[in-house]
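Numbering (the working numbering), first residue to last: 2 to 343.
Just so it is clear, CB atoms sit at the ideal spot from N, CA and C, and this is done for glycine as well.
Structure, as structure tokens:
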Amino acid sequence: MHTSHTYEVETATTLFSFLTERLPDQKRTNIKKLLKFKSVFVNQKPVTKFDHPLLPGDLVHIKGHNPEKSGKRPPFTLQILHEDKDIIVVVKPPKLLTIATEKEKTNTAYHQLWNYVEWQNPHRGERIFIVHRIDRDTSGLLVFARTEAIKRVLQERWDEVEKRYYAVVEGVPKKSEDVIESHLRESDKSLKVHSVAPADDAKYAATKYKVVKVGDDYSLLDITLLTGRKNQIRVHLADRGHPVVGDKKYGATSNPAKRLGLHAYHLSFIHPTTGKRMVFSSELPPELKKLLKLSNENKAEALRQRPPAQRDDRARPKPKRSQPARPKRPRAKSSEKGRPGT
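Okay, structure coming up:
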């Protein structure tokens, strides 16, 4: 059964962009057909032009669109940690974009969550708003707002949010903890970010790390972002000679987990409405835990396979060193005479 649905525009855009965002389950050709056959109305007037401008407050009515047309719930790979009337906090898996790009419009965390909200209340026209993002290949915590006003409040305070990551890196850092500072600039050609000398077009970045666990091949670092620049953690760790596992873009030599070894595991911020401190955590994914375990197992196996003469003998009891016999002192002869006078 076909029904109609009406949406309110909240940010300026074009009609086609609005429709592709609102109808993520529809192919572009189907959306074009809706326009061609005058099934889309803007402020009660039929519109067929895909580039028709939309302004905040405009009402878009889609005739024949049924949000519940499928009995199956759309694919959902996010883990919801918290949900209230203002915010939703989720854990994003690796290899999933936060928001759409020119090449990928629908396979994103945003669209999955939008489908989730739409599925719960198909006739209320609810929306979600992106507060921040993490890289496609990074897993971890994301916060979404349920209104544009809440989004603005969170973004204005984002520098005050405590953001921490787990990073599995190649090798073992010399310092157990440190702060890495540099100025970062993105290359227009390679789209890679580099540390450069201070300049007007370079942004200051600071990354604090602490070594949590050490294996033979990899180390687990607890990262605190002191600034929030693109690829900041990846560049800074590569600068120190310890690229993130799986990060071939910045010099990693291996990809044993078939993913980037970076996980946004901790967020702490003040709730924009209640004023309460909100703290969210996400465990290190099992495929990254396994890397550290295998690293230690490989170290033990390599030790077992060494020839006996090359093995670490610290656990063996050390033989007692023979001490040369001390010469015996001749006994003093007893004298019948008394002590000499003073």
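Q | Reference Leu227, options Ala206, Asp240, Val246, closest by Cα | A | Ala206
Q: Find out if the Cβ-Cβ distance for the pair Gly172, Ser283 is shorter than 7 Å.
A: no
Q.
What does the alpha-carbon distance come out to for the pair Val92 and Pro57?
A. 31 Å
Q: Following the continuous alpha helix (DSSP H) through Ser283, name the residue where it begins and the one where it ends.
A: Ser283 -> no alpha helix (DSSP H), and no H or E assigned at all.
Q.
According to DSSP, is Gln45 part of a helix, a strand, or is it coil?
A. coil
Q: Give the C-beta separation of Phe145 and Val162 to the nearest angstrom, bearing in mind that I take them to be a contact with Cβ-Cβ under 8 Å.
A: Rounded, the Cβ-Cβ distance is 14 Å, inconsistent with contact.
Q. Going by DSSP, what residues sit across from Val61 in a beta bridge?
A. Tyr8, Val43
Q.
Spatial neighbours of Tyr167 within its chain, please: C-beta separation below 6 Å, excluding the five flanking residues on both sides.
A. His264, Tyr266, Leu285
Q) Hey, Ser177 and Val215: beta-carbon distance below 7 Å or not? A) no
Q: Return yes when the C-beta of Lys50 is under 6 Å from any heavy atom of the ligand NAD, and no when it is not.
A: What this structure holds is no ligand at all, so the ligand NAD is not there to describe.
Q.
Quick check on DSSP: helix, strand or coil for Thr228?
A. DSSP places Thr228 in coil when its eight states are reduced to three.
Q: For Asn256, count neighbouring Cβ atoms within 10 angstroms of its own Cβ and tell me buried if that reaches 16, exposed if not.
A: Exposed is the call here.
Q) Between the Cα of Thr107 and the Cα atoms of Lys34, Lys28, Thr208, Asp217, which residue gives the shortest distance? A) The closest CA to that of Thr107, considering only Lys34, Lys28, Thr208, Asp217, is found on Lys28.
**Q.** CB of Asp139 within 7 Å of CB of Leu293, strictly
**A.** Note on residue identity: the sequence assigns Thr, not Asp, to residue 139. No, they are not a contact pair.
Q: Could you check what DSSP says for Thr21 in three-state terms: helix, strand or coil?
A: helix
Q) Could you give the distance in angstroms between the alpha-carbon of Ile100 and the alpha-carbon of Trp120? A) Distance between the alpha carbons of Ile100 and Trp120: 19 Å.
Q. In or out: Ser296 buried (at least 16 other Cβ within 10 Å) or exposed?
A. buried
Q: Return helix, strand or coil for Lys50, following the three-state DSSP convention.
A: coil
Q | Val154 - containing alpha helix (DSSP H), residue span | A | Per DSSP, Val154 belongs to the alpha helix (DSSP H) from 149 to 157.
Q. Alpha carbon to alpha carbon, how far is Ile32 from Phe51?
A. 9 Å
(Q) Quick check: the Cα distance between Tyr251 and Val169, rounded to an integer number of angstroms? (A) 14 Å
**Q.** Asp189 versus His195 - alpha carbon distance
**A.** 11 Å
Q. So the beta strand (DSSP E) Lys204 belongs to, where does it begin and stop?
A. 204 to 215
Q: Ignore the nearest five residues each way along the sequence and tell me which others in Glu149's own chain have a CB closer than 7 Å to its CB.
A: Glu11, Phe130
Q. Do Arg137 and Leu79 have their CB atoms nearer than 7 Å?
A. no
Q. Who are the Cβ neighbours of Gln233 in its own chain at under 8 Å, not counting the five residues just before and after it?
A. Leu185, Val194, Ala206, Thr208, Leu226
Q) Looking at Val90 and Glu281, is the spacing between their C-beta atoms short of 7 Å? A) In the sequence as displayed, the identity of residue 281 is Phe instead of Glu. Yes. Within cutoff.
**Q.** Same chain, Cβ closer than 8 Å to Ile271, five either side skipped, listed in chain order
**A.** Arg158, Glu161, Lys277, Arg278, Met279
Q) Ends of the beta strand (DSSP E) at Val170? A) 163 to 171
Q. Taking Cβ positions only, does Glu127 come closer than 7 Å to chain D?
A. Here chain D cannot be found, since the structure has a single protein chain.
Q. For Phe19, does the count of other Cβ atoms within 10 angstroms reach 16, so buried, or fall short, so exposed?
A. buried
Q: Quick one: residues in its chain with C-beta nearer than 6 Å to the C-beta of His112, no 5 flanking neighbours on either side, listed in chain order?
A: Excluding sequence neighbours, His112 sits near Pro25.
Q: Excluding the 5 residues preceding and the 5 following His53 in the sequence, name in chain order all residues of the same chain whose CB lies nearer than 7 Å to its CB.
A: Cβ-Cβ distances below 7 Å link His53 to Thr15, Leu16, Val43 in the same chain, with the five nearest sequence neighbours on each side left out; the list follows chain order.
Q) DSSP beta-bridge partners for Leu238? A) Partner(s): none; Leu238 has no beta bridge.
Q: Figure out for me which residue from Lys86, Pro174, Leu36 has the closest Cα to the Cα of Ile151.
A: Lys86
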